[in-house]
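Student: Numbering (the working numbering), first residue to last: 213 to 626. Think of the CB as a built atom: it goes at the ideal place given N, C-alpha and C, for glycine as much as any other residue.
1) To the nearest angstrom, how far is the alpha carbon of residue 519 from that of residue 609?
2) Within the chosen definition, does the region 241-261 reach the region 303-314 through at least 3 CB pairs nearer than 8 Å?
3) For residue 455, tell me which candidate among 437, 433, 412 has the shortest Cα-Cα distance.
4) Could you tell me which of 270, 257, 264 sits nearest to residue 251, measuring between CA atoms?
5) Where do the ends of the beta strand (DSSP E) carrying residue 305 lie?
6) Please state the DSSP three-state secondary structure of residue 604.
7) Let me make sure I understand the geometry here. Which of 606, 443, 290 has the alpha-carbon closest to that of residue 309?
8) Count Cβ pairs between the region 386-402 and the region 426-445 that sit closer than 8 Å; are there 3 or more?
9) Going by C-alpha distance, which of 363, 462, 292, 367 is nearest residue 275?
10) Going by the CB atoms, is the gap between residue 288 and residue 259 shorter than 9 Å?
11) Candidates 467, 399, 299, 306: which alpha carbon is nearest residue 325's?
12) Taking just the CA atoms, how far does residue 474 sit from residue 403?
13) Counting along the chain, where does the beta strand (DSSP E) carrying residue 278 start and finish?
14) Looking at the unbroken beta strand (DSSP E) that takes in residue 292, where does it start and where does it end?
15) So the candidates are 297, 334, 264, 364; which of them puts its Cα closest to the Cα of residue 347?
16) Does the distance from the C-beta atom of residue 361 to that of residue 387 stay below 9 Å?
17) Between which two residues does the beta strand (DSSP E) containing residue 354 stretch?
18) Return the residue from the list 256, 249, 327, 458 that minimises the CA-CA distance to residue 235.
19) If you draw a straight line from the C-alpha of residue 323 to the C-alpha of residue 461, how long is it?
20) Cβ of residue 457 within 9 Å of Cβ of residue 444?
21) How would you write the range of the beta strand (DSSP E) that residue 253 sits in, first residue to last?
22) Work out the CA separation of residue 262 and residue 472 for me, nearest whole Å.
23) Decide if residue 604 is buried, meaning its Cβ has at least 16 other Cβ atoms within 10 Å, or exposed.
24) Could you name the residues that DSSP lists as bridge partners for residue 372?
25) Which same chain residues end up closer than 8 Å to residue 470 when comparing Cβ atoms and leaving out the 5 residues on each side of it in sequence?
26) Roughly how many angstroms separate the alpha carbons of residue 468 and residue 446, rounded to a whole number?
27) Tell me residue 413's beta-bridge partners as DSSP assigns them.
28) From which residue to which residue does the beta strand (DSSP E) around residue 443 run?
29) Mind checking which residues open and close the beta strand (DSSP E) that includes residue 378?
30) Write down the C-beta distance between residue 355 and residue 385 rounded to the nearest angstrom, noting that I regard them as a contact closer than 8 Å.
31) Taking 6 Å as the limit between beta carbons, can you name the residues of its chain near residue 408, skipping five residues before and five after?
32) For residue 610, name the three-state secondary structure that DSSP assigns.
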């Protein structure tokens, strides 16, 4: 058992040493000019410890950068800063190279399009050449009179939702979020509450040209547009207890007043409201990839298994250890030596035959099952330790118990 523990420690140390020697290199390219982003600051963020800044550097004359990774093999995030706007690229465990694309910043982009459902906005930046829009009141929107904002979120193209601040503007009920509109689809979600006395008038008045403005209310409530020609009724196949009204192809600042009255709740999250609206009109827009208009603010992507790349070396090492252990156990089992007899047994004396030993194949199978279970448990223990899910004291306690179980199992089989 002592040799087994030393051998196991050697394997883990070898894997750790291999991970420590890794490096991460990459290139930052200016997507507006298609040239290297010379001099842009590049930051290495270690996601294993929250959002720990592990290192910083600058892109060289070719836009290239490199980092030496610390003694861990968890996921990392590369952050590049270009003209004051940040751009991110994930680097899962095992990644050795990454490509980050940044864009020149302008204060105003004319060709912005939007999809909205009163509380959720998807803004599509299709500028050519591609540029990022950024100013003090970068994305603006209206809320109903008396609305109180509870929370706001923003999500960059291919990014993850982050908290945002909606700042009141000089005009009543007008708000702005200072979040970059990078090339692609940027999503904003605003949750708000307002007093309700059985009826309320709302005018979303989108400040950008909108492909779709979607309103969803329970069927027990009544929807009435001030201009009936502005909205069309759509059927949401995934939500039979809702009314879906869609205004299409609206212009910037267009007034779209409507009134909702009555009471009711939506029992479950609706599915593909904007997708259904677009498909019924033959649009087939990108909203189909999520259940909410504009794609919604999806859940963050799960980080990959940080030990994925070392899974097989560890398993092979464990298999070798347990194979040797099984061979030693089998060699220690006493053989049943048969002694031939030529004498005729006396029928008056009862005879007893020793129980037939279990077939060698069955013994090996049982041993293999036991060792396989212990192998899997050891691997899971090491994995949880590497992921930081176990405190050092918990790890030592669990490992000692596992070693004791293995020792007892080998003694019992012997």
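Tutor: Quick look at the numbers:
1) Bear in mind that a pLDDT of 44 at residue 519, under 50, signals an unreliable position, so the number given afterwards is only what the model happens to contain. Going by the C-alpha atoms only, they are around 22 Å apart.
2) Yes: at least three Cβ pairs fall under 8 Å.
3) 433
4) 270
5) Run containing residue 305: none; DSSP gives neither H nor E here.
6) Looking at residue 604 - three-state DSSP - the assignment turns out to be helix.
7) Selection 606, 443, 290 evaluated against residue 309 yields 290 as nearest (Cα-Cα).
8) The region 386-402 is not in contact with the region 426-445.
9) 292
10) yes
11) 399
12) 21 Å
13) In the DSSP assignment, residue 278 falls within the unbroken beta strand (DSSP E) covering 276-280.
14) 288-294
15) 297
16) yes
17) Run containing residue 354: 351-354, per the beta strand (DSSP E) assignment.
18) 256
19) 14 Å
20) yes
21) 253-258
22) 44 Å
23) exposed
24) Looking at the DSSP assignment, residue 372 forms no beta bridge with any residue, so it has no partner.
25) 413, 414, 415, 427, 435, 436, 437, 438, 443, 457
26) 17 Å
27) 471
28) No beta strand (DSSP E) holds residue 443; DSSP gives it neither H nor E.
29) 378-380
30) 5 Å
31) none
32) helix
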